[in-house]
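Enquirer:
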Amino acid sequence: MIEPARRVIRAAERPITFSGAGLSAESGVPTFRDAATAGLWTKVDPTRLASPEGFADDPELVIGWYAQRRRRLAGLAPNPAHHALAARPDIAHITQNVDDLLERAGAERVLHLHGTLLEDRCHGCSHREPISLADPPPLRSCPRCGAPMRPGVVWFGESLPTTAWSQAETAAAACDVMIVIGTRAEVYPAAGLIDVARDAGAAIVVVNAEACRASDRADHTLIGPAGTIVPALLA
Ligand code: BJW
Numbered sequence: 002m003i004e005p006a007r008r009v010i011r012a013a014e015r016p017i018t019f020s021g022a023g024l025s026a027e028s029g030v031p032t033f034r035d036a037a038t039a040g041l042w043t044k045v046d047p048t049r050l051a052s053p054e055g056f057a058d059d060p061e062l063v064i065g066w067y068a069q070r071r072r073r074l075a076g077l078a079p080n081p082a083h084h085a086l087a088a089r090p091d092i093a094h095i096t097q098n099v100d101d102l103l104e105r106a107g108a109e110r111v112l113h114l115h116g117t118l119l120e121d122r123c124h125g126c127s128h129r130e131p132i133s134l135a136d137p138p139p140l141r142s143c144p145r146c147g148a149p150m151r152p153g154v155v156w157f158g159e160s161l162p163t164t165a166w167s168q169a170e171t172a173a174a175a176c177d178v179m180i181v182i183g184t185r186a187e188v189y190p191a192a193g194l195i196d197v198a199r200d201a202g203a204a205i206v207v208v209n210a211e212a213c214r215a216s217d218r219a220d221h222t223l224i225g226p227a228g229t230i231v232p233a234l235l236a
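At position 92 of the sequence shown the residue is numbered 93 (the numbering used here), and the sequence of numbers has no breaks.
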């Protein structure tokens with residue numbers, strides 16, 4: 002089943018990827034919604050931990066949860082899917098992931114739609130600071146305005162980073178193949194990029210451990226682990 006998709010990708014002039022948590026799952030990063038693999042949202046309430054309201058209610062709880070995730074990420078490594086993608090500098094990457102595993106594998110063109118765990122930003126002003134994953138900071142105040150600092154990620158109800166979003170929309174509208182990897186494609190507006198690419202005439206290739214909403218919009222769906230399928234697809 003992989004050969005037709007491989008041919009489409011080989012012939013592409015402007016291939017891009019759109020990825021989610023499943024890309025990093027084999028590196029040991031938990032996904033969000035997988036019951037079988039204890040996705041994050043199956044254990045904790047996203048409205049308490051990944052929303053401005055949750056942060057206002059209990060900032061210590063939120064900062065502590067992100068500190069655990071950051072320390073865990075510090076000890077992880079890119080998997081064969083990240084390496085295969087990074088080995089293709091002609092492919093641009095749009096990711097919902099807040100990890101840096103694509104970059105650690107050597108990928109240079111990566112747009113992060115949901116921010117990054119590698120920096121904090123002020124909850125009140127535009128101040129940003131890089132942080133250490135291995136030694137994440139405790140709850141603290143912004144040195145500029147005094148509001149609390151929080152992880153530089155996008156929570157529910159928050160806008161996506163303007164530059165990354167507009168570059169992603171442009172890339173999706175201009176690509177001729179979009180490889181969708183490891184996402185249930187349920188979170189918007191990010192998931193809408195699949196429609197942007199498809200409506201512009203791009204072929205959609207989905208690599209996912211299960212059938213998902215993206216499969217309905219795909220020309221080729223490959224069900225299985227990204228760490229095995231992506232290297233074979235790009236070989
Ligand atoms: C494997 C595998 C392996 C496993 N190999 N595969 C319509 C339009 C616009 C917005 C909305 C809308 N409807 C609703 C909304 C609001 C909301 C939303 O989309 N909600 C839905 C849940 C319904 N969206 C928002 O709030 C967004 N902001 C927004 O809309 O702003 C506009 C606005 C602003 C102000 C006022 C009014 C409007 C923001 C969304 C932010 C999402 N944030 C999170 C958390 C990031 C921080 C953190 O990490 O803590 O981002 S939530 C979480 O979901 C995270 C992810 O990036 C995102 C997507 O998850 P993903 O990657 O798809 O993971 P999973 O677990 O769902 O799927 C993994 C898949 O991989 C599974 O299928 C597995 O089977 C597979 N897999 N192992 C291959 N080895």
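Every residue gets a Cβ at the ideal spot worked out from N, C-alpha and C, and that includes glycine.
Alpha carbon to alpha carbon, what distance is there between D101 and R1?
Expert: This structure cannot speak to residue 1, because the chain is shown only from 2 to 236.
Enquirer: Classify A135 as buried or exposed, calling it buried when 16 or more other Cβ atoms lie within 10 Å of its own Cβ.
Expert: Here the question's residue 135 lines up with position 134 in the sequence shown. Classification for A135: exposed.
Enquirer: What residue does the beta strand (DSSP E) around L41 start on, and which one ends it?
Expert: Counting from one through the sequence shown, the residue named residue 41 turns up at place 40. That residue, L41, is in no beta strand (DSSP E); its alpha helix (DSSP H) goes 41 to 44.
Enquirer: Using 8 Å as the cut-off, can you tell me whether the segment 146 to 161 makes contact with the segment 106 to 124, which would need three or more C-beta pairs spanning the two stretches below that distance?
Expert: yes
Enquirer: Run through DSSP, which three-state label would P232 get?
Expert: Here residue 232 corresponds to residue number 231 of the sequence shown, with the count starting at 1. Helix.
Enquirer: If you count every other CB in all the chains shown that lies within 10 Å of the CB of C123, and 16 or more means buried, which is it?
Expert: For the purposes of this step, residue 123 is identified with residue 122 of the sequence shown, where counting begins at 1. With 16 or more other Cβ atoms within 10 Å, it is buried.
Enquirer: Assuming I180 contacts V206 under a Cβ cut-off of 8 Å, what Cβ separation, rounded to an integer in Å, is found between them?
Expert: On the sequence shown, position 179 is the one that residue 180 refers to. On the sequence shown, position 205 is the one that residue 206 refers to. Yes, they are in contact, since the Cβ atoms of I180 and V206 sit about 5 Å apart, within 8 Å.
Enquirer: Measure the CB-CB distance between P232 and A93 and report whether it falls below 8 Å.
Expert: As a first step, residue 232 must be located in the sequence shown, where it is residue number 231. As a first step, residue 93 must be located in the sequence shown, where it is residue number 92. Against a cut-off of 8 Å, the Cβ pair of A93 and P232 comes out as no contact.
Enquirer: When you compare only the Cα positions, how much space is there between A203 and P149?
Expert: Locating residue 203 in the sequence shown gives position 202, counting from the first residue. Locating residue 149 in the sequence shown gives position 148, counting from the first residue. Their backbone Cα atoms lie some 43 Å apart in a straight line.
Enquirer: Since I believe A6 is in contact with L234 (beta carbons under 8 Å), could you give me their beta-carbon distance rounded to a whole number of angstroms?
Expert: Walking along the sequence shown from the start, residue 234 turns up at place 233. Walking along the sequence shown from the start, residue 6 turns up at place 5. Correct: roughly 6 Å between the Cβ atoms.
Enquirer: Return the first residue and the last residue of the beta strand (DSSP E) that V111 is part of.
Expert: The count along the sequence shown starts at 1 and reaches residue 111 at position 110. Run containing V111: 111 to 113, per the beta strand (DSSP E) assignment.
Enquirer: Spatial neighbours of R15 within its chain, please: CB distance less than 7 Å, with the 5 preceding and 5 following residues excluded, ordered by chain position.
Expert: Start at 1 with the first residue of the sequence shown, and residue 15 comes out as number 14. Excluding sequence neighbours, R15 sits near A175, C176, D177.
Enquirer: Please classify R8 as buried or exposed, where buried requires at least 16 neighbouring CB atoms within 10 angstroms.
Expert: On the sequence shown, position 7 is the one that residue 8 refers to. R8 comes out exposed.
Enquirer: So, do the segment 128 to 148 and the segment 83 to 92 have three or more beta carbon pairs nearer to each other than 8 Å?
Expert: no
Enquirer: Return the first residue and the last residue of the beta strand (DSSP E) that F19 is part of.
Expert: Locating residue 19 in the sequence shown gives position 18, where the first residue counts as 1. It spans 16 to 20 - the beta strand (DSSP E) in which F19 sits, taken as one unbroken run.
Enquirer: Helix, strand or coil for S127 per DSSP?
Expert: In the sequence shown, residue 127 corresponds to position 126, counting from 1. In the structure shown, S127 sits in coil (DSSP, three-state: anything other than H, G, I, E or B).
Enquirer: Flag G153 as yes when its Cβ comes closer than 7 Å to any non-hydrogen atom of ligand 1, and as no otherwise.
Expert: Position 152 of the sequence shown holds residue 153. No heavy atom of ligand 1 is found nearer than 7 Å to the CB of G153.
Enquirer: For A204, which three-state DSSP category applies?
Expert: By 1-based counting over the sequence shown, the position of residue 204 is 203. The answer is strand: DSSP assigns A204 an E or B state.
Enquirer: Can we count R185 as close to ligand 1, meaning its CB is less than 7 Å from some heavy atom?
Expert: Start at 1 with the first residue of the sequence shown, and residue 185 comes out as number 184. Answer for R185: yes, Cβ within range of ligand 1.
Enquirer: Using a threshold of 7 Å, is the CB atom of T171 nearer than that to any non-hydrogen atom of ligand 1?
Expert: Within the sequence shown, numbered from 1, the residue matching residue 171 stands at position 170. No, Cβ of T171 sits at least 7 Å from all heavy atoms of ligand 1.
Enquirer: Express the C-alpha separation of R105 and D217 in angstroms, rounding to a whole number.
Expert: The residue you call residue 217 lines up with position 216 of the sequence shown. The residue you call residue 105 lines up with position 104 of the sequence shown. Straight-line Cα distance between these residues: approximately 32 Å.
Enquirer: Short of 8 Å in beta carbon distance, which residues of its chain neighbour G228, apart from the five on each side in sequence? Order them along the chain.
Expert: Taking the first residue of the sequence shown as position 1, residue 228 is located at position 227. Here the set comprises E27, N80, P81, A82.
Enquirer: Where do the ends of the beta strand (DSSP E) carrying G153 lie?
Expert: Within the sequence shown, residue 153 is the residue found at index 152, counting from 1. Per DSSP, the unbroken beta strand (DSSP E) holding G153 starts and ends at 150 to 154.
Enquirer: At the level of alpha carbons, what is the spacing between D91 and V111?
Expert: To locate residue 91, count along the sequence shown from 1; it is residue 90. To locate residue 111, count along the sequence shown from 1; it is residue 110. Computed Cα separation, rounded: 12 Å.
Enquirer: What first and last residue would you give for the beta strand (DSSP E) that runs through V178?
Expert: Here residue 178 refers to the residue found at position 177 when the sequence shown is read from its first residue. From DSSP, the beta strand (DSSP E) with V178 extends over 178 to 182.
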